[in-house]
Amino acid sequence: MLKVKGISVRYDIIPVLEDVSFSVQEGQFVAIVGSNGAGKSTILRTISGLVHPFQGSIDFLDEPIQAAKPYEIVAKGISHVPEGRRIFDKMTIRENLLIGAHTKDNQAEVRNTLQEMFELFPILKERQNKKGETLSGGERQQLAIARGLMAKPKLLMLDEPSLGLSPILSKKVIQACEEIRRSGTTILMVEQKVTEILKLVDQGYVLQRGKIIREGKGSELLASDTIRKAYLGL
Amino acid sequence: MDLTIFLQLIISGLLIGFVFSLIAVGLSLIWGVMDILNFAHGEFLMLAMFTSFFLFAQLGIDPLYSLPIVVIVLYFIGAGTYRFVIKPLLGYTVLIALLATFGLSILIRNLVLFFVGPNYRVINESILAGKTFSIGGLYFSVPQSVAALLCILVTYGIYLLLTKSKFGRALRATSLDKDTAMLMGINTNRIFEITFGIGAACVGVAGGLLVNFYAVFPEVGLNFTVLAFVIVALGGFGNNGGAFLAGILVGLVTTMGGFFIGPEYKYTLVFLLYLVVITIRPKGLFGW
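Protein chains in written order, with the working numbering: chain A, 1 to 234; chain B, 1 to 288.
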């Protein structure tokens, strides 16, 4: 579904990603883990078209997208839930969700998706007419994920969805991701919470200073000495 | 003081205030979405007035009928300004774009001065010009009343566009967080271009109506640019409702001040009000 081949990205002259390659198959739950500043968010921003690589290619459903604009990439079926939620605080929760469906013209389909989101995250239905700024951290994350799903993406990209959440809320968000995956949406997630996420995913990649240093099934990576020493302190 | 005179002043202040409001809403809209102050806003108004004037003088089309043409022309001038002046500068600091609009204002003003000369031009024989009506002993200028009414309608139309339409939602999202708006599939460049177009179309409406009761000359926009900045700042930058209310306030202050203190001081009072408000409440009267 998604093939990232040898991309390198710089911010001005500072290299952030170097020769990064990985792939995501349809229906998979894939995670890229790594410490803060490793370049995880930049990978998602590059796939979304917010940043363009100076070398390498990105193919989505066998079409090159590395030079495409963000709105073209969303229309192709990739949704990106950015780090820090980035919900529109001054807009209502309902408006935030409808913005997520901006690329959809079929209003009946949008209404159906909205109901699906209200079933998945009931708190959003209760508070749909409140401003985004009134939500707590966990609710904001639910809104951010639901907003990403409003576009009915083929691939949902999540940037550290558990960041800043309590362990209980974090668990709830991860459970919601599992449910989304079961419903057939492919997920690419970047996370710092290595243990929790590697237990769940089909495929994992470890990013260190802009380079992928290991890849494998989640369980394999968890068992690896390198990962256990570097990220789990074991 | 005679109550009739006082009410007459209130009416005059409100009528011109609504026109100020629409001019300021156009400027506020552009600022709210792009964080760019369009220094050529007054020149856009001048172009609207000249377009209307020449359509009347050369083709005999009454300003009231030529209004849609003026609005469309101004929309494209605004959208073109974004595409050819602002967009190429977006990668740099906002100051560069601001200076570019300042340069554009000088260019437009001097081109008009070069081609049509500095003379004042007035339309005396249009459908609206020079007519009045009275209600209960109070006199209403027909061109100012029609201008006020249309400015209220257009401002309300913009409010509906922003709050009830898919485009308005996308525009508000872009103004709140451009990067996230892009991730929602919004073509933010297109939003910017249309916003610039709508901002200019607002002065198109105002200019096309002002021409019925205001002289047209190449420097007519200067005063309105400064007034529009003051109104937008008073209303709270980017707050369109605030700009609308502040426009009415400025209309009342200029009319009342002109009568009680002297016409030569009417704008002094506006700037004094601006200084007081900005000192006490830097976010403006209605800013958040």
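Don't be surprised by glycine CBs; every beta carbon is placed ideally from N, CA and C. All values reported here derive from a predicted model rather than from experimental measurement.
| query | result |
| --- | --- |
| Residues from the region 44-65 of chain B in contact with chain A, defined by Cβ distance under 9 Å | none |
| Start-to-end residues for the beta strand (DSSP E) that takes in residue 28 of chain A | No beta strand (DSSP E) holds residue 28 of chain A; DSSP gives it neither H nor E. |
| Coarse secondary structure for residue 80 of chain A, derived from DSSP in three states | strand |
| Residues from the region 156-182 of chain B in contact with chain C, defined by Cβ distance under 8 Å | Given the protein chain composition of this structure (A and B), no chain C is represented. |
| Assumed close pair residue 49 of chain A, residue 76 of chain A - CB separation to whole angstroms, cut-off 8 Å | 10 Å between Cβ atoms; not a contact. |
| Identity of the residues DSSP links to residue 92 of chain A by a beta bridge | A:131 |
| Beta carbon of residue 32 of chain B nearer than 7 Å to that of residue 238 of chain B | yes |
| Residue 86 of chain A burial status per 10 Å Cβ neighbour count (16 or more: buried) | buried |
| Partner residues on chain B for residue 100 of chain A, Cβ-Cβ distance less than 9 Å | 184 and 185 |
| Buried versus exposed, by CB contacts within 10 Å (16 or more), residue 205 of chain B | buried |
| Residues, ordered as in the chain, of the region 48-65 of chain A that lie near chain B by beta-carbon distance below 9 Å | 48, 49 and 50 |
| Contact residues within the region 93-119 of chain A, judged by C-beta distance below 8 Å to chain B | 95, 98, 99, 100, 102 and 103 |
| Contact under 7 Å by Cβ, residue 142 of chain A with residue 121 of chain A | yes |
| Three-state class that DSSP yields for residue 184 of chain B in the structure shown | coil |
| Endpoints, alpha helix (DSSP H) assigned at residue 182 of chain A | 167-182 |
| Integer-rounded CB distance, given that residue 173 of chain A should sit under 8 Å from residue 33 of chain A | About 16 Å separates the two Cβ atoms, so there is no contact after all. |
| Straight-line gap, residue 73 of chain A to residue 185 of chain B (C-alpha atoms, nearest Å) | 8 Å |
| CA-to-CA distance, residue 13 of chain A to residue 254 of chain B, given in whole angstroms | 54 Å |
| Minimum C-alpha distance to residue 285 of chain B - residue among B:127, B:168, B:46 and B:236 | B:236 |
| Simplified DSSP assignment, three categories, for residue 239 of chain A | The question about residue 239 of chain A has no answer, for chain A in this structure spans 1 to 234. |
| Anticipated Cβ contact below 8 Å, residue 221 of chain B with residue 45 of chain B, distance rounded | 5 Å |
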